[in-house]
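With the numbering used here applied, the sequence shown corresponds to residues 9 to 395, in that order. Below you'll find the structure, written out as structure tokens, and then a few comments.
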Amino acid sequence: MGEAFDVIVVGIGAMGAATCNTLARRGQRVLGLERFDVLHGLGSSGGQTRLIRKAYFEHPDYVPLLHRAYAAWDELGERAGARLLHRTGCLYLGRPDGELIAGARRAAQQHGLRLEALEARDVAAQCGPFRVPQGFAAAFEPEAGYVLAERAVVALVEEALRCGATIAAREQVVQWACERGGVRVRTASGREHRAGHLVLTAGPWSSALLGDVGIALRVTRQPLAWFWPTASVRLPCWAIEDDAPGGGLVYGFPMLPLEQSTSERGLKIGRHRIGASVDPDVLERTPTAADVDDLRTALRRFLPAADGALLAAKVCLYTMSADRHFVVDRHPAHERVTIACGFSGHGFKFAAALGEALADLATDGRTALPIGLFAASRLRSNRSEPG
Ligand SMILES: Cc1cc2nc3c(=O)[nH]c(=O)nc-3n(C[C@H](O)[C@H](O)[C@H](O)COP(=O)(O)OP(=O)(O)OC[C@H]3O[C@@H](n4cnc5c(N)ncnc54)[C@H](O)[C@@H]3O)c2cc1C
9 MGEAFDVIVV GIGAMGAATC NTLARRGQRV LGLERFDVLH GLGSSGGQTR
59 LIRKAYFEHP DYVPLLHRAY AAWDELGERA GARLLHRTGC LYLGRPDGEL
109 IAGARRAAQQ HGLRLEALEA RDVAAQCGPF RVPQGFAAAF EPEAGYVLAE
159 RAVVALVEEA LRCGATIAAR EQVVQWACER GGVRVRTASG REHRAGHLVL
209 TAGPWSSALL GDVGIALRVT RQPLAWFWPT ASVRLPCWAI EDDAPGGGLV
259 YGFPMLPLEQ STSERGLKIG RHRIGASVDP DVLERTPTAA DVDDLRTALR
309 RFLPAADGAL LAAKVCLYTM SADRHFVVDR HPAHERVTIA CGFSGHGFKF
359 AAALGEALAD LATDGRTALP IGLFAASRLR SNRSEPG
């Protein structure tokens with residue numbers, strides 16, 4: 009039996025790294041266990057960048073938490089000596105009554121956010137060579153941008169380590185149990201650890217760890233790619249609600265300056281559309297020609313200047329909840345266990361704030377941060393009482 013900890017965090021993606029960071033900065037004895045390496049491309053937090061925006065079309069109730077997330081990323085960047093949140097603005101294109109445009113306008117209106125209406129003819133001059141289909145509306149959110157995702161996870165982990173956290177890679181948790189006064193976890197290497205509280209931030213592998221608590225999660229395969237534009241383009245971030253059948257939301261980033269780039273080069277594009285359901289341990293991780301063609305189709309329609317050479321393609325995983333909202337709560341059956349999962353392809357931008365909420369839940373059993381929308385009880389199909 010190893011050393012005893014205040015809190016054990018299972019999974020060091022964005023959420024686990026942020027939780028370990030807050031706990032360690034607050035002087036808690038924290039152990040973070042990661043089954044692969046710290047920073048790997050097999051879960052949901054790999055890749056260089058993630059969109060961050062406040063005019064939240066998914067639901068206006070996310071906005072108060074976004075205010076805290078913006079501040080928390082800026083503060084982390086200041087402490088790390090490197091800007092992690094870059095406010096490039098984000099262009100939104102879509103049918104005026106579609107989920108993206110109508111939802112962004114609703115959130116902006118309810119929370120007094122800046123969301124500028126653009127005329128279709130002004131889009132190219134202000135945002136780059138986008139083609140705006142007939143009948144589409146355009147809006148620009150100046151405060152939106154991107155977080156340097158891999159660097160942010162590194163900054164969270166390094167600061168946690170400097171504040172005394174123990175973080176161990178290649179330690180897969182295979183079992184956990186509540187016992188008198190605490191929790192016990194066992195890893196595949198046969199080690200056992202004890203703590204007062206357990207936080208499960210296992211991303212696509214969450215179902216296996218949560219147990220049968222009636223929270224259905226679906227893991228999906230999400231391809232993305234980097235292209236070298238045929239002409240020089242200067243773009244903000246962008247998101248377009250594709251009105252082709254099943255088109256979802258096509259999104260992309262500016263080309264990163266070399267000093268911000270950790271791996272892939274070129275213009276990154278993805279499609280926020282719920283992909284095929286997969287087992288996170290058994291799936292086709294190599295992007296196919298069809299995956300790349302699908303992204304090129306979107307580029308040809310909306311941003312033909314970016315339809316150049318393919319430089320890289322990858323597959324990432326979403327963990328979908330039934331209603332696409334997050335689950336951040338106490339484990340329904342165990343008071344000493346906190347869960348964070350079901351981030352449904354839009355969680356990264358919140359990680360710096362959710363790490364604080366998860367640390368609050370682990371140590372105080374409650375948080376002042378606005379996470380009411382993420383209660384597990386809204387999703388549960390077979391309820392059992394806390395033990
Ligand atoms: C292609 C793509 C684009 C996205 N774009 C955006 C975006 O623009 N903006 C945005 O806000 N969000 C975006 N997201 C969503 C966001 O990236 C995720 O919501 C977020 O990264 C989830 O983080 P996580 O820590 O929950 O999961 P993960 O990063 O997957 O971390 C979970 C960790 O737990 C570990 N683990 C699992 N089981 C065990 C175990 N038994 N023992 C030990 N360790 C374990 C895993 O190895 C993994 O490292 C995107 C996601 C994808 C895939």
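For each residue, glycine too, the CB sits at the ideal point set by N, CA and C. For clarity, every value in this text was computed on a predicted model and none was experimentally measured.
Quiz prompt | Per-residue DSSP class, three states only, for Leu264 | solution = Residue state, collapsed to three classes: coil.
Self-check item: Check whether Leu92 and Leu84 have beta carbons under 9 Å apart
Solution: For Leu92 and Leu84, yes; Cβs fall inside 9 Å.
Practice problem: Within the same chain, show all residues whose beta-carbon is closer than 6 Å to that of Glu249, passing over the 5 residues directly before and after it, in chain order. | Solution: Answer for Glu249: Gly102, Gly106, Leu108 and Leu257, listed in chain order.
Self-check item: Close beta carbons around Ala306, own chain, < 8 Å, minus the five adjacent residues each side
Solution: Within the same chain, Ala306 has close Cβ partners Ile248, Asp250, Gly255, Val258, Ile277 and Arg279.
Exercise. Indicate the three-state DSSP secondary structure (helix, strand or coil) for His119 in the structure shown.
Key: His119 falls in the helix class under three-state DSSP.
Practice problem: Look up Lys276 in the DSSP assignment and say whether it is helix, strand or coil. | Solution: Reduced to three states, the DSSP call for Lys276 is strand.
Quiz item: Excluding sequence positions up to five away, which residues of its chain have a Cβ less than 6 Å from the Cβ of Leu99?
Solution: Only Cys135, Phe148, Pro244 and Trp246 meet the Cβ criterion.
Quiz item: The alpha helix (DSSP H) with Trp81 in it runs from where to where?
Solution: Membership of Trp81 in the alpha helix (DSSP H) is indicated by the continuous run Val71 to Ala88.
Exercise. Could you name the residues of the same chain whose beta carbon sits closer than 6 Å to that of Ser281, not counting the 5 residues immediately before and after it, in chain order?
Key: The identity of residue 281 in the sequence shown is Arg, whereas the question assumes Ser. Closer than 6 Å at Cβ, skipping near neighbours: Gly256.
Practice problem: Would you kindly work out how many angstroms separate the C-alpha atoms of Val165 and Val140, rounded to a whole number? | Solution: Distance between the alpha carbons of Val165 and Val140 is about 42 Å.
Self-check item: Helix, strand or coil at Val182 [DSSP, three-state]
Solution: The answer is strand: DSSP assigns Val182 an E or B state.
Practice problem: Taking only the alpha-carbon atoms, compute the straight-line gap between Thr195 and Leu218 and give it to the nearest angstrom. | Solution: Spanning the two alpha carbons is a distance of roughly 16 Å.
Exercise. Please report the Cβ distance between Leu366 and Thr346, rounded to the nearest whole angstrom; I am assuming they are in contact, meaning their Cβ atoms lie under 8 Å.
Key: Contact between Leu366 and Thr346 holds: their C-beta atoms lie close to 6 Å from each other, under 8 Å.
Quiz item: Does DSSP put Lys62 in a helix, a strand or coil?
Solution: In the three-state reduction of the DSSP assignment, Lys62 falls in the coil class, being assigned neither a helical nor a strand state.
Practice problem: Report the three-state DSSP secondary structure of Ile20 (helix, strand or coil). | Solution: Note: Ile20 maps to coil in three-state DSSP.
Quiz item: Do you know how far the Cα of Ala320 is from the Cα of Glu158?
Solution: Taking the straight line from one Cα to the other gives about 17 Å.
Exercise. Tell me, please, which residues DSSP counts as bridged to Ser352.
Key: In the DSSP output, where bridge partners are listed per residue, Ser352 has none listed.
Exercise. Report, in whole angstroms, the separation of the C-beta atoms of Pro231 and Asp130, which I expect to be a contact under 8 Å.
Key: Between Asp130 and Pro231 the Cβ distance is about 32 Å, and since that is not below 8 Å, they are no contact.
Quiz prompt | Bridge partner(s) assigned by DSSP for Lys322 | solution = BP columns for Lys322 point to Leu232.
Quiz item: What is the DSSP secondary structure of Leu307, reduced to helix, strand or coil?
Solution: Helix at Leu307.
Quiz item: For Gly21, is the classification buried or exposed, using 16 other Cβ atoms within 10 angstroms of its Cβ as the cut-off for buried?
Solution: It is buried - the Cβ of Gly21 has at least 16 other Cβ atoms within 10 Å.
Quiz item: Between Pro308 and the rest of its own chain, which residues show a CB-CB distance below 8 Å, the 5 nearest in sequence each way excluded?
Solution: The sequence given here has Arg at residue 308, not Pro. Asp315, listed in sequence order.
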